[in-house]
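Protein chains in written order, with this note's numbering: chain A, 4 to 272; chain B, 16 to 312.
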């Protein structure tokens, strides 16, 4: 009864093939000596060498990493607070507005988010002189704003699941709310915090559209440089870059999976 | 300090994210809304002020020119319709490809279920831009797909896929497939298998019980998945820019061009406001669906 017809299995398998062919093709071609996609010129790591000699890509990668680190951390703090508000504070004035504002960035087209933030930054600069120009700060603010929405979703679902009796026990024993939060709540949502931070980090590292709107001269992020390169066609050093990023993501996922699957067992024993 | 914190802790926890969102999420929309009523000007910033003060009188100048322009120039209407068409067709294909995948995952035994689920989520963590870029190498005239088909003798002339709408469909389906599969999986994995057993005991053929039992029961998952593909696809910029051709019309691309090439901030703002109106209806539908499902559980 639990058997699936072979045709369904084949259709499903083809779907997975569809998901992974582009990724494998990037990895394979990153080791292709030839610049042409269709010609296999032999195994070579020369595109990796070229990648590491390209000052434009290296500089942009460094900017992107800094932006992602700062904005993911800010998004984690703000998003966790927002998740606390959503799960724990059922009634306060403006709750409808709050829940609307925290979920809207998830479905907002990036072009609109980018344009609206840029226009805000320009208006603010004219009105109060801050932010002076656009660049690192404005990109961090933009990425924090959409990152916190994703953090809030991830943390919210974990927060709704945790057993509140331990928190109640802690406050019955005289712990202040802040202490309860840091000693009880935070450790029990830690796995969700790790994956939420990673999600915000990845989203920031990957964002092209919003960053294009709110960046300034000298603050081109990695996706912006990649986009201007690949708009002209296939460029083998981008294949090498993609392979390195896939590798980094693989390692990150492995660590996160380890952190996520280890924690519940510890608390269960 | 401690006493103050204890008294105002709750307010503080609400206020910090609230103020951030008011300034950096809500205020920007009000600015866009305001500028959509301004006119293009040779100034910095390049639009006319709405409010001015002359002879001790406040003068408010609202220009509906941008909205009239959107209605008059057929480019914008066509771009809207074309975005909706491209998003809708892509959604249908994503459903056709995603449904069997979700079904296979939902019916797989552990540990296969976790592994397959992981395989669906994993591409989502790798760079979206680079995954779209990968399709250029696969689809272009002298690319992998054409080379493969020619070697197999299926085609003589290379297929022209890149820089057509077909490539945009492929890109959107590929990118948003996980968003289709995950809600479908969540729904299908909760399916009561005894219903299917009952159907087969009563003599229904597998495809009949699929059409009369599984499919209707998975409708909430289908709607959620379709909305999650359709909504972001409408405003997509990167996919039509990289895979589409010069005549691929999508509203996200139009907004980008208005802003970056024409530097017409007021028209770009009007396009943004009009785009929001198009996506509000599906978003509301999705939220209602989620609220109803939350109520059931």
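Note that beta-carbon positions come from the ideal geometry of N, C-alpha and C, so glycine has one too.
Inclusion of residue 249 of chain B and residue 94 of chain B in the CB contact set at 7 Å is not warranted, their separation being larger than that value. The beta carbon of residue 159 of chain A sits closer than 7 Å to those of 86, 89, 90, all from its chain and outside the five residues before and after it, given in chain order.
Taking a contact to require three or more Cβ pairs closer than 8 Å, the stretch 172-191 of chain A and the stretch 104-111 of chain A do not qualify as touching. Sorting B:97, B:40, B:42, B:76 by C-alpha distance to the C-alpha of residue 290 of chain B places B:97 at the top.
Counting the other Cβ atoms within 10 Å of the Cβ of residue 71 of chain B gives fewer than 16, which makes it exposed. Here residue 160 of chain A is not bridged, per DSSP, to any residue.
Chain-ordered listing is empty here: chain B has no CB closer than 8 Å to the CB of residue 38 of chain A, the nearest sitting near 11 Å.
Across the stretch 261-284 of chain B, CB contacts with chain A closer than 9 Å involve 266, 267, 268, 270, 271, 274, 275, 280, 283, 284, in sequence order along the chain.
One thing to note: residue 109 of chain B has its Cβ no nearer than 7 Å to the Cβ of residue 298 of chain B.
A Cβ-Cβ contact shorter than 7 Å links residue 120 of chain B with residue 200 of chain B. Residue range 66-69 is occupied by the beta strand (DSSP E) that includes residue 68 of chain B. Considering only beta carbons, the part of the stretch 138-151 of chain B lying closer than 7 Å to chain A consists of 138, 140, 141, 142, 143, 144, 145, 146, 148, 149, 150, 151, in chain order. When the alpha-carbon of residue 208 of chain A is set against those of B:128, B:140, B:74, the nearest one is in B:140.
For residue 92 of chain A and residue 26 of chain B, the gap between their C-alpha atoms comes out near 10 Å.
Contact note: residue 43 of chain B reaches chain A through 119, 120, 122, 123, using a C-beta cutoff of 7 Å and chain order. When 7 Å is used as the limit between beta carbons, residue 194 of chain B is near no residue of chain A, the shortest such separation being about 11 Å. Under the rule that a run must span 3 or more residues, the beta strand (DSSP E) segments found entirely inside the stretch 70-129 of chain B read 72-75. Going by beta carbons, residue 211 of chain A and residue 55 of chain B fall outside the 7 Å limit. Under the Cβ distance rule, residue 240 of chain B does not count among the residues neighbouring chain A, no pair being separated by less than 7 Å. If you look at residue 67 of chain A, you'll find it in the alpha helix (DSSP H) that goes 58-91. Going by beta carbons, residue 287 of chain B and residue 82 of chain B fall outside the 7 Å limit.
Interface residue (Cβ-Cβ distance to chain B less than 7 Å): residue 101 of chain A is classified as such.
Interface flag for residue 160 of chain A against chain B is unset, since no Cβ pair is found closer than 7 Å. In summary, residue 254 of chain A is exposed, with fewer than 16 beta-carbon neighbours lying within 10 Å of its beta-carbon over all protein chains present. Listed in chain order, the non-local C-beta contacts of residue 254 of chain B below 7 Å within the same chain comprise 147, 183, 186, 187, 190, local neighbours out to five positions each way being set aside. Taking 7 Å as the cut-off, the Cβ atoms of residue 116 of chain B and residue 196 of chain B count as close. The three-state reading of DSSP puts residue 23 of chain B in helix, counting H, G and I together.
For residue 255 of chain B, the closest Cβ of chain A is not nearer than 7 Å. Within the stretch 154-181 of chain B, 155, 157, 158, 159, 161, 162 place their CB atoms closer than 9 Å to a CB of chain A, listed in sequence order. Measuring C-alpha to C-alpha distances from residue 235 of chain B to each of B:134, B:301, B:162 identifies B:301 as the nearest. Cβ-Cβ separation between residue 114 of chain A and residue 271 of chain B: approximately 6 Å, consistent with a contact (criterion under 8 Å). Beta-bridge analysis with DSSP links residue 62 of chain B to B:55. In the three-state DSSP reduction, residue 35 of chain A falls in the strand class (E or B).
As the crow flies, the alpha-carbon of residue 215 of chain B is around 34 Å from that of residue 104 of chain B.
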